[in-house]
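Novice:
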Amino acid sequence: MKHLISIDDLDQEEIEGLLDRAESFAEVSKRDIKKVPALRGRTVVTLFYEASTRTSSSFELAAKRLSADVVSVKSSGSSVEKGESLKDTVETLSAYDPAAIVIRHPQAGAADMLTNWVDAAVVNAGDGMRQHPSQALLDLLALRQRIGSVEGRKIWIVGDVLHSRVARSNIQAFSKMGAEVTVAGPPTLIPRRIEESGCEVRYSLDEIEEADVVYSLRMQRERMKESFVPSIREYARLFQINSRRLTPRQLVMHPGPVNRGVEIGGDVIDSDRCLIADQVASGLAMRMAILFELLAHGDHRESAEAPVPIGEPA
Ligand code: NCD
């Protein structure tokens, strides 16, 4: 694995490998000293051109826990605001000789473009509405830790699928690992021909009882240039994931940030069936695994010191 741009880059075996690796890092996170020396002396740049809390903080912390030096750039407050192009910004940051660049950008394909400009490993932390591979991988980890393999499980992805890179990555990742994926939402928020990516489509929640896992998506109003639903209230009436709609065995996930009371009810968020906190914890372990695989194991290894066993404290 040289870069991580899309779930398409990974086969089932590589995904299993990342999940195993992440589980060993989850164990490191339970120790008093949560740091290992695997990436000592190497630099990781995070470059966020869109808002982020979870993804940016967890990539940053993941790199620090692996003992890398971290430079974090956000478009607001940086020279991006002064009109600097992506290419010039990246060239500037390349002067630090980073081993990896983690990028989030509103334009689909931005991370791919970076791979042509830099020697560093590139990690796509979200490109427009296209892909968010680390999210899909961390979701698989959260599920593995709660219910084991997703093979044969029915997973419903509900809500604003149209504007969601998470949905696109997760449909691929869940089905690659053997789950049966259904997407559900109002017709205006379901992309045409989405079933070609290997999922079923429903325009109501009438049959949601069949789902083992319900994956709720945020209404991504920042990406909506027109009105896609009659009103938020009407949307919530038909598609909100709340405990009235669910049977006790069903689990609920959400990538965050949530709009409490819109796509998901507060009663669900605060219940044991909800995996949101597990997802955040898995995010840190999975992002450590991704950086480790790319930098200590992958094609970029020639410039690394001999990799240090991950179990030894820094
Ligand atoms: C998601 C994103 O940015 O695509 N959030 C995240 O990374 N945790 C989903 C969203 O913003 O709704």
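Position 182 of the sequence shown, counted from 1, bears residue number 183 in my numbering, the numbering being contiguous throughout. In this text, a Cβ means the ideal position worked out from N, Cα and C, and glycines have one as well.
Using alpha carbons as the reference points, say which of D98, F229, V159 and A290 lies closest to E201.
Specialist: Check the Cα spacing between E201 and each of D98, F229, V159 and A290: the tightest is with V159.
Novice: I'd like to know whether the C-beta atoms of S135 and M289 end up nearer to each other than 8 Å.
Specialist: no
Novice: Shorter than 7 Å, the distance from the beta carbon of V167 to the closest heavy atom of the ligand NCD, or not?
Specialist: yes
Novice: Would you tell me roughly how many angstroms separate the C-alpha atoms of S73 and V151, rounded to the nearest one?
Specialist: 34 Å
Novice: Given the structure, does Q132 come close to the ligand ZN, in the sense that its CB is under 7 Å from one of the ligand's heavy atoms?
Specialist: In the structure shown, the ligand ZN is absent; the only ligands present are the ligand NCD.
Novice: Using CA coordinates, which residue listed in E28, P107 and E210 is at the minimum distance from F1?
Specialist: As displayed, the chain neither begins before 2 nor continues past 315, which places residue 1 out of reach and without an answer.
Novice: Give a yes or no on whether the C-beta atoms belonging to A96 and R43 are separated by under 8 Å.
Specialist: no
Novice: Consult DSSP for G127 and reduce its assignment to one of helix, strand or coil.
Specialist: strand
Novice: Measuring CB atoms only, is the stretch 228-242 touching the stretch 181-200, in the sense that at least three cross pairs come out at less than 8 Å?
Specialist: yes
Novice: Suppose the cutoff is 8 Å on Cβ atoms and the five residues either side in sequence are ignored; what does the same chain contact list for A212 look like?
Specialist: K155, I156, W157, T183 and Q251
Novice: Does any heavy atom of the ligand NCD sit closer than 7 Å to the C-beta of Q173?
Specialist: no
Novice: How many angstroms separate the CA atom of D98 from the CA atom of V37?
Specialist: 22 Å
Novice: Alpha carbon to alpha carbon, how far is S80 from I291?
Specialist: Near 28 Å, if we compare the C-alpha coordinates of I291 and S80.
Novice: Identify whether F49 lies in helix, strand or coil by the three-state DSSP scheme.
Specialist: strand
Novice: Assuming contact is defined by CB atoms lying nearer than 8 Å, are L144 and V46 in contact in what I supplied?
Specialist: no
Novice: In three-state terms, what does DSSP make of D70?
Specialist: strand
Novice: Verify the contact flag: P107, CB atom, against every heavy atom of the ligand NCD, threshold strictly below 7 Å.
Specialist: Answer for P107: no, Cβ out of range of the ligand NCD.
Novice: Taking A137 as part of the alpha helix (DSSP H), name the residues at either end of that continuous run.
Specialist: P134 to I148
Novice: How do the stretch 123-137 and the stretch 166-176 stand: do at least 3 beta-carbon pairs fall below 8 Å, yes or no?
Specialist: yes
Novice: For E303, which residues from the same chain have a beta carbon less than 8 Å from its beta carbon, with the 5 sequence-adjacent residues on both sides left out?
Specialist: Unreliable placement is indicated for E303, whose pLDDT of 44 sits below 50; no coordinate value is reported for it.
Novice: Please go through the stretch 73-119 and give each complete beta strand (DSSP E) segment of 3 or more residues, from N-terminal end onward.
Specialist: For the stretch 73-119, whole beta strand (DSSP E) runs of length 3 or above, ordered along the chain, are 101-106.
Novice: Who are the Cβ neighbours of G267 in its own chain at under 7 Å, not counting the five residues just before and after it?
Specialist: R261
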